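A short worksheet on the structure shown next.
There are 2 protein chains.
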Amino acid sequence: TPAAVRPGSTEEVRAVVEACRRSGTPLVPQGGNTGLVGGSVPLAGEIVLSSERMRAITDVDLDSGQLTAGAGATLAEVQSAASAVGWRYGVDFAARDSATVGGMVATNAGGVRVFRHGSTRRQLLGVEAVTGAGLVVSRLDGLVKDNTGYDLAGLFCGSEGTLGVVCRARLALVPPPGSMATALVGFHDVSSAVAATGLLRRWVPGLEAVEMVLRAGAEMVAEQTATDPVFDPIPPVQLVVEATGPPDPVEALGAALESLDGVLDAAVATDAARAAALWHVRETHTESIARIGTPLKYDVTLPSSALSHFCATIVGEVTELAPSTTTWIFGHVADGNIHVNVTGYQEEPDEIRRIEHLILSSVDGARGSVSAEHGIGTAKRAWLLVNRCDGDVAAMSAIAHALDPDAICNPNVLLTRS
Amino acid sequence: TPAAVRPGSTEEVRAVVEACRRSGTPLVPQGGNTGLVGGSVPLAGEIVLSSERMRAITDVDLDSGQLTAGAGATLAEVQSAASAVGWRYGVDFAARDSATVGGMVATNAGGVRVFRHGSTRRQLLGVEAVTGAGLVVSRLDGLVKDNTGYDLAGLFCGSEGTLGVVCRARLALVPPPGSMATALVGFHDVSSAVAATGLLRRWVPGLEAVEMVLRAGAEMVAEQTATDPVFDPIPPVQLVVEATGPPDPVEALGAALESLDGVLDAAVATDAARAAALWHVRETHTESIARIGTPLKYDVTLPSSALSHFCATIVGEVTELAPSTTTWIFGHVADGNIHVNVTGYQEEPDEIRRIEHLILSSVDGARGSVSAEHGIGTAKRAWLLVNRCDGDVAAMSAIAHALDPDAICNPNVLLTRS
Numbered sequence: 050t051p052a053a054v055r056p057g058s059t060e061e062v063r064a065v066v067e068a069c070r071r072s073g074t075p076l077v078p079q080g081g082n083t084g085l086v087g088g089s090v091p092l093a094g095e096i097v098l099s100s101e102r103m104r105a106i107t108d109v110d111l112d113s114g115q116l117t118a119g120a121g122a123t124l125a126e127v128q129s130a131a132s133a134v135g136w137r138y139g140v141d142f143a144a145r146d147s148a149t150v151g152g153m154v155a156t157n158a159g160g161v162r163v164f165r166h167g168s169t170r171r172q173l174l175g176v177e178a179v180t181g182a183g184l185v186v187s188r189l190d191g192l193v194k195d196n197t198g199y200d201l202a203g204l205f206c207g208s209e210g211t212l213g214v215v216c217r218a219r220l221a222l223v224p225p226p227g228s229m230a231t232a233l234v235g236f237h238d239v240s241s242a243v244a245a246t247g248l249l250r251r252w253v254p255g256l257e258a259v260e261m262v263l264r265a266g267a268e269m270v271a272e273q274t275a276t277d278p279v280f281d282p283i284p285p286v287q288l289v290v291e292a293t294g295p296p297d298p299v300e301a302l303g304a305a306l307e308s309l310d311g312v313l314d315a316a317v318a319t320d321a322a323r324a325a326a327l328w329h330v331r332e333t334h335t336e337s338i339a340r341i342g343t344p345l346k347y348d349v350t351l352p353s354s355a356l357s358h359f360c361a362t363i364v365g366e367v368t369e370l371a372p373s374t375t376t377w378i379f380g381h382v383a384d385g386n387i388h389v390n391v392t393g394y395q396e397e398p399d400e401i402r403r404i405e406h407l408i409l410s411s412v413d414g415a416r417g418s419v420s421a422e423h424g425i426g427t428a429k430r431a432w433l434l435v436n437r438c439d440g441d442v443a444a445m446s447a448i449a450h451a452l453d454p455d456a457i458c459n460p461n462v463l464l465t466r467s
Numbered sequence: 050t051p052a053a054v055r056p057g058s059t060e061e062v063r064a065v066v067e068a069c070r071r072s073g074t075p076l077v078p079q080g081g082n083t084g085l086v087g088g089s090v091p092l093a094g095e096i097v098l099s100s101e102r103m104r105a106i107t108d109v110d111l112d113s114g115q116l117t118a119g120a121g122a123t124l125a126e127v128q129s130a131a132s133a134v135g136w137r138y139g140v141d142f143a144a145r146d147s148a149t150v151g152g153m154v155a156t157n158a159g160g161v162r163v164f165r166h167g168s169t170r171r172q173l174l175g176v177e178a179v180t181g182a183g184l185v186v187s188r189l190d191g192l193v194k195d196n197t198g199y200d201l202a203g204l205f206c207g208s209e210g211t212l213g214v215v216c217r218a219r220l221a222l223v224p225p226p227g228s229m230a231t232a233l234v235g236f237h238d239v240s241s242a243v244a245a246t247g248l249l250r251r252w253v254p255g256l257e258a259v260e261m262v263l264r265a266g267a268e269m270v271a272e273q274t275a276t277d278p279v280f281d282p283i284p285p286v287q288l289v290v291e292a293t294g295p296p297d298p299v300e301a302l303g304a305a306l307e308s309l310d311g312v313l314d315a316a317v318a319t320d321a322a323r324a325a326a327l328w329h330v331r332e333t334h335t336e337s338i339a340r341i342g343t344p345l346k347y348d349v350t351l352p353s354s355a356l357s358h359f360c361a362t363i364v365g366e367v368t369e370l371a372p373s374t375t376t377w378i379f380g381h382v383a384d385g386n387i388h389v390n391v392t393g394y395q396e397e398p399d400e401i402r403r404i405e406h407l408i409l410s411s412v413d414g415a416r417g418s419v420s421a422e423h424g425i426g427t428a429k430r431a432w433l434l435v436n437r438c439d440g441d442v443a444a445m446s447a448i449a450h451a452l453d454p455d456a457i458c459n460p461n462v463l464l465t466r467s
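Printed below as a string of structure tokens:
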């Protein structure tokens, strides 16, 4: 078992970093350890720097809607602190009881409200962190407008622990939600659904989510959960659309849906039970797939212009390459973020590599992102070199070397460090 | 006159940067040259790299609401291209016909819609830029979710040309505005106005602006523009509040104002002429001050908790230091961004320095920002060292050295380069 240290303050983190530099010992910052790409797991003798003793939530400001959270505070703790003063935190996802502020900042965590409120970087007004060179960077005063130099907080966000250790973060809060409405809408094809998404963004104030499922997935969910589909026959493509009010979101959604072209079916929920029934086909997608078998999972973003073509072709391409497989496509269509899950594959490293190569090189060829939310970690380092241009990778490496010259901060993650 | 080059493409920019590196010639990127801190003006033999031949707007995407703009495109050109497809660009300010995309990215330009839509960094989905080391970084595919490494676009944004030359930017658009309502609200003091701002943010969907003026400023505007004030007597503090609908913003604002404590007077506009009359006291502040004399101008942000105290004390402190002066305070209270203008000062470098020192060290002591929007440039380099901690400045310097090792990119701006 590798050693673990549990510093209780920024000054103690600095002392740990200095000791690591002197002894040439690399470290891995670790929060809730909920990541999916191996970013917080020691690989080769790194010590673990745990944030669990830095979990205080302080300086809650009611007027500006801001708070400061220690790296070890969980997402659920931040959400409670925000709700307690009449605000809410704009990021939410299922691992809320384990995932920590330090990890969310390091990975630019997303979740189910990214379309409306943005990912973690958007909430971040400042950080206190210790760089790999032992510098303490700190700007926790919650200054919404501050053009005094580079955006260090934004740079640390998404750096996956490679630049240093995040100790505290100043987070912006968002107003609490009003009433909510949910619609399920059927379309002929992905292009109509993508075009409709663009119009809904302009027409529906308070649009919170636009999620897409395909017919094969809806049939699979109906079978796995023994539930009747909302529409019979099931349309080729369905969108789950959610909006908050005011204005009355049921009325706003209804009016927008009447003006859309290419709508085959539409249902708008007027109560919570019906809303849950409309969400069912999307909410139970992941667990329904898991009943078939452990899937290979890819979390990708396509440019809006390439989304329809990718969705129309990738399933057939994977089937042709690996005939025993089934490919499921669903996700956050308003952000271009698609989950591609593959079941029924042969448990052979070569087949798994071929499938990954087919899907991610197709995404890369369409100028998409091979990692929408999960990051690079150790699992996707080879793909970073494919998906980002040489200049981007060289610039990132130069920045990593500048802030962590001895390569002691998470040196096996994201970049290949010298 | 220093030399100027006008490259027409990213490749030509790279050739210029390489030539500058080989010959040890520094360069200053220049767009519309509308900055206020000397960031785009050659000081010591730099050549000027003009963006005027890189002004194409391409890849306008209707579904996702995005476009790509060359560094030389003006803000007005971006706004027109967005409006032409039923979207709008989220940043606006008075210099729209001159200010360019390259300059707006380099300075993280703000303006009158920052409270609602954020500054330039918030609109920025990617950049193509040439670093001082000659690397071409490029990610222009408009990927809303993309966790593949560091946020290079966000880092270039606000770097004031010190890391390299921005050639193109992928910009996110926002939905067009609906109906609009304007209110003028009087309060006893700044604390009540600040508290009311926090409540309005939570209560009024579509809140676009909350601007503050003080009684002395309102009296000055009434006199300089020969206009009757809206309220008689003029309240100690007034907020101009603007919201867009739906829901009906007149109704939403009216309901919110009835629930606020400490309101002395309130007027809600129901037509454009009345709205202009309510805005008058704020809109004509700058020009009214200019009629008294050329002011010293400071553009600062205070943390929400320090805003009231700063506004209550700074006027008296400046008067005590320089009895011939008058100090005017007004600005974007929802962002904590206050404009401090001083008229009637003695035209002596010592007096000007003393006034600047008093105001900016007061801001710094309150943990505010000495530059909310304008940046550091050459004019405020000494204040960067005061206002940012040593670790922040050292980290910025390390990043500048990593991307521009020969210090050829705007070397006299922002940081002291070796």
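Line by line, the protein sequences are chains F and E. Residues in the first sequence are numbered consecutively from 50, following this note's numbering. Residues in the second sequence are numbered consecutively from 50, following this note's numbering. Glycine included, C-beta positions come from ideal geometry on N, C-alpha and C. Values in this document were obtained by computation on a predicted structure and should not be read as measured data.
By DSSP's assignment, residue 229 (chain F) forms a beta bridge with F:293. By a beta-carbon distance limit of 8 Å, residue 428 (chain F) does not contact residue 77 (chain F). Their separation comes to about 15 Å. In the assembly as shown, residue 177 (chain E) is a buried residue. Its beta-carbon has 16 or more other beta-carbons within 10 Å. By the C-beta criterion, the stretch 142 to 151 of chain F is judged not to be in contact with the stretch 235 to 249 of chain F, since fewer than 3 inter-stretch pairs fall below 8 Å. Contact with chain E is absent for residue 148 (chain F), since none of that chain's Cβ atoms lies less than 8 Å from the residue's Cβ. Taking 8 Å as the cut-off, the beta carbon of residue 288 (chain E) is found closer than this to the beta carbon of residue 259 (chain E). If the five residues before and after residue 139 (chain F) are omitted, its C-beta is found closer than 8 Å to the C-beta atoms of 162, 165, 166, 167, 171, 172, 221, 222 and 223, all from its own chain and listed in chain order. For residue 206 (chain F), at least one C-beta of chain E is nearer than 8 Å to its own C-beta. Taken in chain order, the complete beta strand (DSSP E) segments of 3 or more residues contained in the stretch 243 to 276 of chain F are 256 to 263. The beta-carbon of residue 438 (chain E) is placed less than 8 Å from the nearest beta-carbon of chain F.
Against chain E, a Cβ distance below 7 Å from residue 111 (chain F) picks out 247.
Judged by DSSP secondary structure, residue 435 (chain E) falls within the alpha helix (DSSP H) whose first and last residues are 430 to 436. Beta-bridge pairing by DSSP links residue 99 (chain E) to E:79. Check the Cα spacing between residue 84 (chain F) and each of F:423, F:338 and F:204: the tightest is with F:423. Residue nearest to residue 106 (chain E) within the set E:216, E:82 and E:319 is E:216 (criterion: CA-CA distance). Each residue's CA atom was taken as its position, placing residue 208 (chain F) and residue 442 (chain F) some 13 Å apart.
Within the stretch 386 to 416 of chain F, the runs of beta strand (DSSP E) that reach at least 3 residues and sit entirely inside it are, in chain order, 386 to 392.
Residue-level contact check: residue 259 (chain F) does not touch chain E, since none of the beta carbons of chain E fall below 8 Å from its beta carbon. 416, 417, 418, 419, 420, 421, 422, 423, 424, 425, 433, 436, 437, 438, 440, 441, 443, 444, 445 and 447: these are the residues of the stretch 416 to 447 of chain F whose beta carbon lies less than 7 Å from some beta carbon of chain E, given in chain order. Counting only runs of 3+ residues, the beta strand (DSSP E) found wholly inside the stretch 275 to 360 of chain F occupies 286 to 293, 312 to 317 and 345 to 350, in chain order. Residue 375 (chain E) is outside the set of residues whose beta carbon lies under 8 Å from a beta carbon in chain F. For residue 136 (chain F), the residues of chain E that pass the 8 Å Cβ criterion are 251, in the order they occur in the chain.
The closest CA to that of residue 372 (chain E), considering only E:252, E:355 and E:394, is found on E:394. Within 9 Å of the CB of residue 347 (chain E), no CB atom of chain F is found; the nearest one sits about 13 Å away. The Cβ atoms of residue 330 (chain E) and residue 230 (chain E) do not sit closer than 8 Å to each other. Within the DSSP bridge table, the entry for residue 418 (chain E) names E:350 as partners. Taking all protein chains shown into account, residue 197 (chain F) has 16 or more neighbouring C-beta atoms within 10 Å of its C-beta and is therefore buried.
Ranked by how close their Cα comes to the Cα of residue 175 (chain F), the residues F:300, F:192, F:254 and F:185 have F:192 in first place. A straight line joining the alpha-carbon of residue 414 (chain F) with that of residue 111 (chain E) spans about 22 Å. Note that the C-beta distance between residue 323 (chain E) and residue 225 (chain E) is not below 8 Å. Around residue 150 (chain F), the same chain offers 118, 120, 122 and 218 as residues with beta carbons nearer than 6 Å, after the five sequence neighbours per side are excluded. The secondary-structure analysis by DSSP pairs residue 173 (chain F) across a beta bridge with F:220.
Between the beta-carbon of residue 466 (chain E) and that of residue 456 (chain E) there is about 4 Å, and that keeps the pair under the 8 Å contact cut.
In this structure, DSSP gives residue 185 (chain E) an extended state, which the three-state scheme calls strand.
Note that the C-beta distance between residue 54 (chain F) and residue 65 (chain F) is below 8 Å. By the criterion of at least three beta-carbon pairs nearer than 8 Å, the stretch 339 to 359 of chain F is in contact with the stretch 397 to 412 of chain F.
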